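Engineer: My structure is below; once you've seen it, I'll send some questions.
Residue numbers (our numbering): 106 to 415.
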């Protein structure tokens with residue numbers, strides 16, 4: 106019996122609490138993409154870590170490119186392995202440890218320090234984040250009926266944007282001081298005595314995103330059921346997973362419509378990701394936007410994204 110048939114035959118379902126735990130994964134994961142790779146830390150990386158904005162922009166682009174190559178090549182393989190090995194949570198925990206550590210290290214990216222170190226940690230966090238999503242997504246077919254997959258996953262997507270926006274609002278309202286006045290958007294002194302001149306308002310987003318992720322993935326580990334114990338070794342699962350992947354690719358050649366759809370979606374999603382990943386850095390480099398302006402820009406976009414997801 107192949108993997109897909111075995112999974113369909115099991116049809117294990119879960120409680121609402123289990124589904125809520127799975128949905129909170131998006132809530133936990135999204136602030137990384139919102140405040141780190143898009144609106145706060147990425148523009149800081151380009152415009153304030155170095156006086157050469159062009160070099161910063163180039164290194165940021167290379168960091169995304171290298172991360173994207175690893176993700177594109179290995180995600181299908183890991184997805185196939187996920188189907189073969191059974192439990193997903195150990196994989197998610199492994200990549201979560203890498204992500205949390207890498208994000209925490211961004212606090213040390215002070216202005217004037219070498220760009221290569223935050224670039225490495227950003228690449229590690231990006232790869233770990235995307236690989237965690239692969240294993241989390243692969244849990245969904247076991248949790249709900251097929252007709253509910255679209256509704257549940259899109260609600261989770263909308264919740265993710267909401268979580269990212271809450272963190273973004275917190276940064277703008279309570280942590281990011283205006284360089285001219287030293288006050289936040291609410292006219293307050295930044296919490297914890299953060300100094301915008303030292304980039305602390307942007308650097309703090311690394312530890313905040315790490316802590317947010319660590320706390321809000323716990324319900325998934327505690328309440329969402331995982332697949333049973335592994336029935337084969339990692340080596341055998343890898344070989345079987347690669348075999349499943351090769352079979353899928355061969356089948357695609359006979360289904361031209363699906364192949365065209367996947368290619369079109371890849372190009373579309375790459376364009377969207379490019380706008381999100383480079384929009385903030387462009388605004389910081391071209392218009393000189395600081396953390397507060399970028400945060401307000403991000404809040405507006407996230408309001409639209411929440412509605413779109415729902």
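Note that beta-carbon positions come from the ideal geometry of N, C-alpha and C, so glycine has one too. Please read these numbers as outputs of a predicted model, since none were measured by experiment.
Excluding the 5 residues preceding and the 5 following residue 239 in the sequence, name in chain order all residues of the same chain whose CB lies nearer than 6 Å to its CB.
Structural biologist: For residue 239, where only same-chain residues beyond five positions count, the Cβ hits under 6 Å are 180, 183, 184.
Engineer: On the CB-based measure, 16 or more other CB atoms within 10 Å of its CB, does residue 163 come out buried or exposed?
Structural biologist: The residue in question, residue 163, is exposed, as its Cβ has fewer than 16 Cβ neighbours within 10 Å.
Engineer: Please go through the region 314 to 351 and give each complete alpha helix (DSSP H) segment of 4 or more residues, from N-terminal end onward.
Structural biologist: Runs found: 323 to 328.
Engineer: Given this structure, state the Cα-to-Cα distance separating residue 380 from residue 328, to the nearest angstrom.
Structural biologist: About 36 Å.
Engineer: At a cut of 8 Å, does the region 200 to 212 reach the region 221 to 230 through at least three beta carbon pairs?
Structural biologist: A contact exists between the region 200 to 212 and the region 221 to 230.
Engineer: Report the three-state DSSP secondary structure of residue 404 (helix, strand or coil).
Structural biologist: Helix at residue 404.
Engineer: In the DSSP assignment, find the alpha helix (DSSP H) that holds residue 306 and state where it starts and stops.
Structural biologist: Residue 306 -> alpha helix (DSSP H) spans 305 to 308.
Engineer: Within 10 angstroms of the Cβ of residue 178, are there 16 or more other Cβ atoms? Answer buried if so, exposed if not.
Structural biologist: That one is exposed.
Engineer: Mind the definition here: the region 291 to 302 touches the region 262 to 279 only if three or more C-beta pairs lie below 8 Å; say whether that holds.
Structural biologist: Yes: the two stretches touch, three or more of their Cβ pairs being nearer than 8 Å.
Engineer: Candidates 301, 297, 144, 254: which alpha carbon is nearest residue 399's?
Structural biologist: Per the Cα distances, 144.
Engineer: Short check: CB of residue 204 to CB of residue 170, under 8 Å?
Structural biologist: Taking 8 Å as the Cβ cut-off, residue 204 and residue 170 do not qualify as a contacting pair.
Engineer: Quick check on residue 353: buried or exposed, where buried means 16 or more other Cβ atoms within 10 Å of its Cβ?
Structural biologist: It counts as exposed.
Engineer: So, residue 140 versus residue 314, is the Cβ gap smaller than 8 Å?
Structural biologist: In contact: residue 140 and residue 314 (Cβ atoms closer than 8 Å).
Engineer: Which first and last residues belong to the alpha helix (DSSP H) in which residue 172 is found?
Structural biologist: 158 to 190 is the span of the alpha helix (DSSP H), which, as asked, contains residue 172.
Engineer: If you follow the alpha helix (DSSP H) that residue 207 is part of, which residue opens it and which one closes it?
Structural biologist: Run containing residue 207: 194 to 210, per the alpha helix (DSSP H) assignment.
Engineer: Could you compute how far the alpha carbon of residue 369 sits from the alpha carbon of residue 261?
Structural biologist: Looking at the two C-alpha atoms, the distance is approximately 24 Å.
Engineer: Would residue 193 and residue 244 be called neighbours here (beta carbons separated by less than 8 Å)?
Structural biologist: In contact: residue 193 and residue 244 (Cβ atoms closer than 8 Å).
Engineer: Would you please verify whether the beta carbon of residue 164 is less than 8 Å from any beta carbon of chain B?
Structural biologist: Of the chains in the structure shown, none is chain B; there is only one protein chain.
Engineer: Report all residues from its chain with a CB closer than 7 Å to the CB of residue 406; omit the five preceding and five following residues, and keep chain order.
Structural biologist: Answer for residue 406: no residue qualifies.
Engineer: For the putative contact between residue 232 and residue 176, defined by C-beta atoms under 8 Å, what is the C-beta separation to the nearest angstrom?
Structural biologist: Confirmed, Cβ separation roughly 6 Å.
Engineer: Kindly indicate the opening and closing residues of the alpha helix (DSSP H) around residue 139.
Structural biologist: Per DSSP, residue 139 belongs to no alpha helix (DSSP H) and is neither H nor E.
Engineer: State the Cα-Cα distance for the pair residue 133 and residue 199, rounded to the nearest angstrom.
Structural biologist: If you take the alpha carbons of residue 133 and residue 199, they lie about 16 Å apart.
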